[in-house]
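Colleague: At the far end of the sequence shown sits residue 650, using our numbering, and the numbering has no gaps.
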Amino acid sequence: MKITVIGTGYVGLVTGACFAEMGNDVLCVDLDKEKIEALNEGEMPIYEPGLETMVKENAAQGRIGFAIDVPASVAWCDVCFIAVGTPRREDGSADLRHVLRAAEDIGRSMTKPICVVDKSTVPVGTAAKVRAKIREELAKRGVEIPFAVVSNPEFLKEGSAVSDCMKPDRVVIGSDDAEAVALMKELYAPFVMNTENFIVMDAAGAEMTKYAANAMLATKISFMNEIANICERVGADVNKVRIGIGSDPRIGYRFIYPGCGYGGSCFPKDVEALIGTAEAQGYTPALLKAVGEVNERQKRVIPQKIKERFGEDLRGRKFAVWGLSFKPDTDDMRESASITVMDELEKAGAEIVAYDPRAMREAKRLLGENERIRYAKSKYEAIRGADAMILITEWKEFRSPDFYEMREHMKTRVVFDGRNQYDAKIMEKHGFEYYQIGVGRPSGEGFPEASDFKEKEEA
Numbered sequence: 192m193k194i195t196v197i198g199t200g201y202v203g204l205v206t207g208a209c210f211a212e213m214g215n216d217v218l219c220v221d222l223d224k225e226k227i228e229a230l231n232e233g234e235m236p237i238y239e240p241g242l243e244t245m246v247k248e249n250a251a252q253g254r255i256g257f258a259i260d261v262p263a264s265v266a267w268c269d270v271c272f273i274a275v276g277t278p279r280r281e282d283g284s285a286d287l288r289h290v291l292r293a294a295e296d297i298g299r300s301m302t303k304p305i306c307v308v309d310k311s312t313v314p315v316g317t318a319a320k321v322r323a324k325i326r327e328e329l330a331k332r333g334v335e336i337p338f339a340v341v342s343n344p345e346f347l348k349e350g351s352a353v354s355d356c357m358k359p360d361r362v363v364i365g366s367d368d369a370e371a372v373a374l375m376k377e378l379y380a381p382f383v384m385n386t387e388n389f390i391v392m393d394a395a396g397a398e399m400t401k402y403a404a405n406a407m408l409a410t411k412i413s414f415m416n417e418i419a420n421i422c423e424r425v426g427a428d429v430n431k432v433r434i435g436i437g438s439d440p441r442i443g444y445r446f447i448y449p450g451c452g453y454g455g456s457c458f459p460k461d462v463e464a465l466i467g468t469a470e471a472q473g474y475t476p477a478l479l480k481a482v483g484e485v486n487e488r489q490k491r492v493i494p495q496k497i498k499e500r501f502g503e504d505l506r507g508r509k510f511a512v513w514g515l516s517f518k519p520d521t522d523d524m525r526e527s528a529s530i531t532v533m534d535e536l537e538k539a540g541a542e543i544v545a546y547d548p549r550a551m552r553e554a555k556r557l558l559g560e561n562e563r564i565r566y567a568k569s570k571y572e573a574i575r576g577a578d579a580m581i582l583i584t585e586w587k588e589f590r591s592p593d594f595y596e597m598r599e600h601m602k603t604r605v606v607f608d609g610r611n612q613y614d615a616k617i618m619e620k621h622g623f624e625y626y627q628i629g630v631g632r633p634s635g636e637g638f639p640e641a642s643d644f645k646e647k648e649e650a
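1) Report the three-state DSSP secondary structure of Phe-501 (helix, strand or coil).
2) Quick check on this structure: which residue in Gly-629, Phe-382 and Asp-393 has the alpha carbon closest to the alpha carbon of Glu-212?
3) Give the straight-line distance between the Cα atoms of Leu-204 and Arg-525, rounded to the nearest whole angstrom.
4) Which runs of the beta strand (DSSP E), 3 residues or longer, sit entirely within the stretch 511 to 582?
5) Is there at least one non-hydrogen atom of the ligand MG closer than 7 Å to the beta-carbon of Trp-513?
6) Going by DSSP, what residue range makes up the alpha helix (DSSP H) through Ser-413?
7) DSSP on Ala-380, reduced to helix/strand/coil?
8) Let me check understanding here. Comparing Cα to Cα, which of Ala-250, Thr-312 and Ile-305 lies closest to Val-275?
9) According to the neighbour-count rule (16 or more other Cβ atoms, all chains shown, within 10 Å of its Cβ), is Lys-509 buried or exposed?
10) With a Cβ-Cβ cutoff of 8 Å, do Arg-424 and Pro-449 count as a contact?
11) In the DSSP output, what is Ser-284 paired with across the bridge?
12) What is the DSSP secondary structure of Val-353, reduced to helix, strand or coil?
13) May I ask which residues mark the beginning and end of the alpha helix (DSSP H) holding Cys-209?
14) With a Cβ-Cβ cutoff of 8 Å, do Lys-348 and Val-202 count as a contact?
15) How big is the Cα-Cα spacing for Leu-505 and Leu-222?
16) So Ile-364 packs on Phe-272, CB below 8 Å; how close in whole Å?
17) Between Thr-199, Cys-209 and Val-217, which has its C-alpha nearest Met-192's C-alpha?
18) In whole angstroms, what separates the C-alpha of Pro-337 from that of Ser-366?
19) I'd like to know whether the C-beta atoms of Gly-454 and Ala-528 end up nearer to each other than 8 Å.
20) Should the stretch 537 to 547 be regarded as contacting the stretch 474 to 481, the criterion being three or more beta carbon pairs within less than 8 Å?
21) Rounded to a whole number of angstroms, what is the C-alpha to C-alpha distance between Ser-264 and Asn-420?
22) With 16 as the cutoff for other CB atoms within 10 Å, does Asp-523 come out buried or exposed?
23) Taking C-beta to C-beta, are Ala-294 and Ile-325 nearer than 8 Å?
24) Helix, strand or coil for Thr-195, going by three-state DSSP, please let me know.
25) Okay, do the stretch 371 to 385 and the stretch 433 to 445 touch, 3+ Cβ pairs below 8 Å being the bar?
26) Provide the residue span of the beta strand (DSSP E) that contains Ser-342, from first to last.
27) Could you tell me the distance, in whole angstroms, from the CA atom of Ala-208 to the CA atom of Arg-322?
28) Could you name each continuous beta strand (DSSP E) segment of 3 residues or more that falls completely within the stretch 587 to 641, going from the start of the chain to the end?
29) For Ala-567 and Ile-447, I'd like the C-alpha separation in whole angstroms.
30) Less than 7 Å between C-beta atoms, sequence neighbours within five positions excluded: which residues of the same chain meet that for Ile-305?
31) DSSP puts Val-363 in a beta bridge; with which residues?
32) Can you give me the C-alpha to C-alpha distance between Arg-556 and His-600, rounded to a whole angstrom?
33) Only counting the same chain, and skipping five residues up and downstream in sequence, which positions put a Cβ closer than 8 Å to that of Pro-519?
34) Starting from Val-307, follow its DSSP beta bridges and name the residues at the other end.
35) Tell me Cys-219's beta-bridge partners as DSSP assigns them.
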C-alpha cells in the first residue's frame, strides 16, 4: 500500500519504518524542515534500538522517504496515519491542535478516497472531531470524496518499539466502517498471524483502550511504590514482598518493581488526560489522581534518603548520578526521575556529576548550562571523588560494575539504588552503605542520623 505518516516523532517514525519493512511504500512527512533534512541524510532524531538500521535499509530500497510537502503526500497515499504529538495542557488535558491541523491538511489535500488513521494517543471522541474537520475542509472546497476515519492506538514501549511494532501482542482497530476494517486487516496481516490479536471495536472504545492500558500499568507501579514506602516503615523488605505477591498468577511479576517513579512521554501525560476526560463528564477519578500523586512523591524519595544520610545542607558534597533517561534503551528524559533528583540535590547545594550511555546530549539540551551539573564520559569517571553514587536508570552496563574500582574512586562508599538493582549482601561484602527503595531496618532502629555518619567520617 501507499502509506503517508504525518509526524516523524517516536510513534510516526517507528510505525513508518516497520510498514516499509513489510514491503509497503511509505512517506513520512513533517513540518520541521531540519528534521526532514536530517532524516534524508540518515540521521535519527531519537535513539531506539534497531530503528536507524531499519530506516537506512528501507530508504536505500526506496520504500521509505521523508518530506515536508503535506498536500502532495496526502494526495499520493491510500492510507494516511496521523502520528503527531498530543502534549499535555496546563489543566492536564491532551492538546489536540496538531491532530486537528493534520485533519485540516488532509481535507484540503485529498484527491481520492483514503483511510485516515488516528495513531496519536487521543482522548475519547477525537475520531469524530477528525471526521468533522475533514468534512468541513471538503465542504469549503465544494467536493465530496469518500473517506473513513479509524482509531488505531499504538502500544509501543520505548527501548523495544521496533520489536513491539513488528510483533505486536495486539492490534486494536476502532471503526464501524466494514471496508476500513478490512483494509486495516490487510495492512496488518503480515504483523498479526494470530487473528485473535486483531481486535475490532468502535472508535471510542479503541481510544479508551489506550488510556486505560497506560493508566493500569502506571497504577501497578504506584501501588508497588506505595507498598515499598510502607515496608520501609515497618521493617519489611519489599523485594521479598514483590516475589510473594508476584507468584500469584492473578497478579504476576510485571510492573511491580519498586523504584524512584515512572516517567516518559506516555504514563504521566496519559494518566492526566484520562483524569481530565473523567472530570469533563462530571466524574472524579480518585484512584487515578492518587496514582499521579504517589508517583510525584516517589521521585523525591531518593533525595530525602540522601539528606537523611548527609544532612539538609549538601554544600561541598559531590554525587554521581548513573542514568538520566526515564528508562533504559532510550535517550528520552521527559518526566524522568533524574530531573527531580538532581533538582532537589542542586537546591541543597550539591555538586552533581552525571553519566548516561545515551541521554547525555538530551540532558544538556533539556537542562542547559548549569555550573552545579557536570557530565562524565564514563560511569567510573562520574564517581571519582563522589560522596555517593545514585542509580536512577537500570541500564545493562550498570548491572555488574567493578565494585573494587568503585571503592578505589569514591570518597565514601555510599550507594543509593533507585531501582533495587544490586544484592545487598554483595554490597555489604564490599563495604558499601547501601540504600534501596522499600527496604526497612529492624524495628526500633529507624533511619540513622546524619550526625552519626559525620562522626564516623571525622573519626
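C-beta: ideal position from N, C-alpha, C; glycine also.
Modeller: Reading it off the structure:
1) In the structure shown, Phe-501 falls within a helical segment according to DSSP collapsed to helix, strand and coil.
2) The shortest Cα separation from Glu-212 among Gly-629, Phe-382 and Asp-393 belongs to Phe-382.
3) Taking the straight line joining both Cα atoms gives about 18 Å.
4) Counting only unbroken stretches of 3 or more residues, the beta strand (DSSP E) elements lying wholly within the stretch 511 to 582 are 542 to 546, 564 to 566 and 579 to 582, in sequence order.
5) No copy of the ligand MG occurs in the structure displayed, which carries no ligand at all.
6) Taken as a continuous stretch (DSSP letters only), the alpha helix (DSSP H) holding Ser-413 covers 394 to 425.
7) DSSP, read as helix, strand or coil, puts Ala-380 in coil.
8) Minimum Cα distance to Val-275 is reached at Thr-312.
9) Classification of Lys-509: buried, given that the 10 Å Cβ count is 16 or more.
10) The Cβ-Cβ distance between Arg-424 and Pro-449 does not fall below 8 Å.
11) Answer by DSSP bridge pairing: none, since Ser-284 is not bridged.
12) Looking at Val-353 - three-state DSSP - the assignment turns out to be helix.
13) Counting along the chain, the alpha helix (DSSP H) containing Cys-209 begins and ends at 201 to 212.
14) Between Lys-348 and Val-202, the CB-CB gap reaches or exceeds 8 Å.
15) The straight-line gap from Cα to Cα measures roughly 46 Å.
16) About 13 Å separates the two Cβ atoms, so there is no contact after all.
17) Closest in alpha carbon position to Met-192, among Thr-199, Cys-209 and Val-217, is Val-217.
18) Near 15 Å, if we compare the C-alpha coordinates of Ser-366 and Pro-337.
19) Going by C-beta atoms, Gly-454 is nearer than 8 Å to Ala-528.
20) In short, these stretches do not touch, since the Cβ pair count stays below three.
21) Ser-264 and Asn-420 have their alpha carbons spaced roughly 52 Å apart.
22) Result: buried.
23) Cβ distance < 8 Å, so Ala-294 and Ile-325 count as in contact.
24) Correct three-state label for Thr-195: strand.
25) With the rule of 3 Cβ pairs closer than 8 Å, the stretch 371 to 385 does not count as touching the stretch 433 to 445.
26) Here the beta strand (DSSP E) through Ser-342 covers 338 to 342.
27) Distance between the alpha carbons of Ala-208 and Arg-322: 26 Å.
28) The stretch 587 to 641 contains these whole beta strand (DSSP E) runs: 605 to 608 and 624 to 626.
29) Between the alpha carbons of Ala-567 and Ile-447 lies a gap of roughly 32 Å.
30) Apart from the 5 residues on each side of it in sequence, Ile-305 sits with its Cβ closer than 7 Å to the Cβ of Cys-268, Asp-269, Val-270, Cys-271 and Phe-338 in its chain, given in chain order.
31) In DSSP, Val-363 forms a bridge with Ile-390.
32) When rounded, the distance between both Cα atoms is 29 Å.
33) Its chain contains Gly-350, Thr-584, Glu-585, Trp-586 and Lys-587 as the residues whose beta carbon lies nearer than 8 Å to that of Pro-519, once the 5 sequence neighbours on both sides are disregarded; these appear in chain order.
34) Its beta-bridge partners are Cys-271 and Val-340.
35) Answer is Val-196 and Phe-257.
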